[in-house]
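Worksheet: the structure to be examined is printed underneath.
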Amino acid sequence: MAAGNDFFTYLSPFDLMQRVFNIYGSHFLLFTQLALIATIPKMILAVMVGKPLAEEEDSEMMYEEVTQYSSPQRAIVLQLEIFVSSLITVFIQAAMIHVVSEIYMQREPAFKRSLAVAMNRFCALFCFGLLYLLIFSIFFAVVGVPVFLLYTNQNYVLAVLIGVTAFAIALYVIITLMIALPILVVEHQSPTGAIRRSFDLVPGYRCYIFCSVLLLNVIVWLASLLVEGVVRAIFGASIVAILLSSLLSLISLPVLSIMLPGLYFSIRVQKEGMNMESLMKEFEGDMDGTARYEHKIVGGETV
1159 MAAGNDFFTY LSPFDLMQRV FNIYGSHFLL FTQLALIATI PKMILAVMVG KPLAEEEDSE
1219 MMYEEVTQYS SPQRAIVLQL EIFVSSLITV FIQAAMIHVV SEIYMQREPA FKRSLAVAMN
1279 RFCALFCFGL LYLLIFSIFF AVVGVPVFLL YTNQNYVLAV LIGVTAFAIA LYVIITLMIA
1339 LPILVVEHQS PTGAIRRSFD LVPGYRCYIF CSVLLLNVIV WLASLLVEGV VRAIFGASIV
1399 AILLSSLLSL ISLPVLSIML PGLYFSIRVQ KEGMNMESLM KEFEGDMDGT ARYEHKIVGG
1459 ETV
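In structure tokens, the structure reads:
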């Protein structure tokens, strides 16, 4: 079924894009207010490093940027600001996920309530972020050392094979954990519980998640290229151009954040027969343990 008034349907990647932009358009002001909280720190960082920050550049690119500064103190300050900015972004994403959940339950979302829910889950979000970072840091350290040694010994074929394999494994895990944030917010799982739950839900839907994420990122990327091209053509490489380009986060952050619960709900609808009643019970705390996951479709009805 195409994206329409019934939220609890399994959506194709194209229907999911329509759902994302419909939700964003219908609550534009609320999402913009939330995004502004995360965008202001990004704008400050963009001015300091002299270029706008895309969502995916907040770690890898920024590490390279700060190392070019001659002052160690300045580099440390920038690293701290990057960490705080990333933490705020995850916090705001959690608030947006709660907004989408309320829209799915046909409730009117509120700015303060969404922030309150995100604050209530702050510890879980923070610990999940640290755990996520720790897992990948250890993984790439373990893989990077032998690849580097093989490369320096001119064993290029084996180095490339190990590198490609490591990339495939990392992509597999990243795709699996794409729905971990909605699980933390909706199901009130612990960080480790959210990881286990992600691996329980995602099997059979990794291609669906990958295609959906790729499609939306291509749309955002093309829009960003267009806007940045126009801004730089008018303002050049000035501070004004950097600030205006950074404002793209006011759009990209909400649509990317809306997509996460969209994927999560779509998978649960297909796999567990989730409906509005079961979602409302989870939010109200009437279901606990594994019972909340035992919705199955029997004869066209959810039991």
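One rule links them: number in this note's numbering = place in the sequence shown (from 1) + 1158.
Cβ atoms here follow ideal geometry from the backbone N, Cα and C, with glycine treated the same way.
Asked	Found
Beta strand (DSSP E) runs contained entirely in the stretch 1227-1296, provided each spans 3 or more residues	none
Reference Gly1302; option with closest CA among Pro1340, Ile1320, Ile1416	Ile1320
Cβ-Cβ distance between Met1417 and Leu1374 below 8 Å	yes
Residue burial classification, Val1242 (beta-carbon count within 10 angstroms, cutoff 16)	exposed
Any beta strand (DSSP E) of 3 or more consecutive residues that is wholly inside the stretch 1332-1400	none
CB-CB length for Val1344 against Ser1415, believed under 8 Å	Contact flag wrong, Cβ pair sits at about 14 Å.
Delimiting residues of the alpha helix (DSSP H) encompassing Asp1173	1171-1184
Residue from Phe1269, Arg1354, Gly1431, Leu1339 whose Cα sits closest to the Cα of His1185	Phe1269
Length of the line joining the Cα atoms of Leu1105 and Asp1173	The requested residue 1105 is not part of the displayed model; the chain covers only 1159 to 1461.
Ile1337 beta carbon less than 8 Å from that of Ile1371	The residue asked about is misnamed: residue 1371 is Val in this sequence, not Ile. Against a cut-off of 8 Å, the Cβ pair of Ile1337 and Val1371 comes out as no contact.
Segment limits, alpha helix (DSSP H) that includes Gln1428	1407-1430
Buried/exposed call for Leu1292, threshold 16 Cβ in 10 Å	exposed
Which listed residue (Phe1357, Pro1171, Met1201, Glu1442) has its alpha carbon closest to that of His1346	Glu1442
Phe1441 - containing alpha helix (DSSP H), residue span	1434-1442
Residue burial classification, Gln1264 (beta-carbon count within 10 angstroms, cutoff 16)	exposed
Test: Glu1266 CB closer than 8 Å to a CB of chain B	Annotation note: the requested chain B is absent from the structure, which comprises a single protein chain.
Arg1279 to Phe1297 span [Cα, whole Å]	27 Å
Buried or exposed by the 16-neighbour rule on C-beta atoms within 10 Å, applied to Ser1295	exposed
Among Ser1424, Gly1431, Pro1412, nearest to Ile1195 - alpha-carbon criterion	Pro1412
Contact under 8 Å by Cβ, Ser1424 with Leu1169	yes
Residues near Ala1193 by beta carbon distance below 6 Å, same chain, minus five either side	Leu1408, Leu1411, Pro1412
Integer Cβ distance of Val1248 from Gly1420, believed to fall under 8 Å	Wrong, their Cβ atoms sit about 18 Å apart, outside the cutoff.
Where Tyr1330 falls: helix, strand or coil (DSSP)	helix
Reduced DSSP category for Phe1306 - H, G, I as helix; E, B as strand; rest coil	helix
Whole-angstrom distance between Arg1354 and Ile1327, CA atom to CA atom	17 Å
Rounded separation between Pro1340 and Ser1272 - CA only	13 Å
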